[in-house]
Every structure is written in structure tokens, then in C-alpha cells.
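Reviewing the structure listed below.
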Amino acid sequence: GPLRDEPAYTNIKEVTESSRLIYNDQKLYFIGIPTYLLNTQNDFGSDWHPSYRGQLKMAAHIIPTLSNILNWDYDDSEFRIIDSDFNMQKTK
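The opening position of the sequence shown corresponds to residue 13 in this note's numbering, with each subsequent residue numbered one higher.
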């Protein structure tokens, strides 16, 4: 899963930041998934793994950062926010 809850979120962020400093690896990044992004009623499937809808929301959250890091051409029209509950729909 996305490990968005505590203490996993903070522990992974700290290990990532420490490793970046210890190994002087500027290509090591942490992109957290905020708890509010995924709706527990609609965005999870079996064993609390993200459903297709949850995966789509996480992708829409991390792709802008990845595109910047990797110098990708990214058009955010691929994802569209439909309402304030972060219900997303893939568009063409």
C-alpha cells in the first residue's frame, strides 16, 4: 500500500532523507501520499491495497513531481479533478 499512515510515513521519509545525506545521493527522493488523498470507502480494495481509482489518484499526485525530476513532458489534462472529494477521472 501507499504507507500513508503514521508511523510508516514519517519513518520512510526520515530514512529517505538520511540516506540521501549519508550516501550523498541527490537522486533519492521521497514523495509522500497525504492521508486525505484516498477515500477509505472508494479508493481501497482487498487487504487495504489501493483500487484502480486509488492508484489513479496517487499517480496524479506523484506524476508532476516525477516529470520535473526526470524532465518529462507532462500534460496535466490527462487527469481531471471532478469534485472536492478528489474524485478523478482519466480523460483522453
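Heads up, the beta-carbon is just placed ideally off N, CA and C, and yes, glycines get one too.
query                                                                                                        : result
Coil, strand or helix - Pro14 by DSSP                                                                        : coil
Given 8 Å, three or more beta-carbon pairs between the stretch 47–55 and the stretch 69–80                   : yes
Outcome for Pro19 when other beta-carbon atoms lying within 10 angstroms are tallied against a minimum of 16 : exposed
Whole-number beta carbon distance between Ile75 and Tyr86, since they are thought to touch under 8 Å         : 6 Å
Under 9 Å between C-beta atoms of Gly66 and Pro14                                                            : yes
According to DSSP, residues forming a beta bridge with Pro46                                                 : Per DSSP, none; premise fails for Pro46.
Simplified DSSP state of Lys25, which is helix, strand or coil                                               : helix
Same chain only: Cβ atoms within 8 Å of Thr28, ignoring 5 sequence neighbours per side                       : Leu40, Tyr41 and Phe42
Counted within 10 angstroms of its Cβ, other Cβ atoms place Ile45 as buried (16 or more) or exposed          : buried
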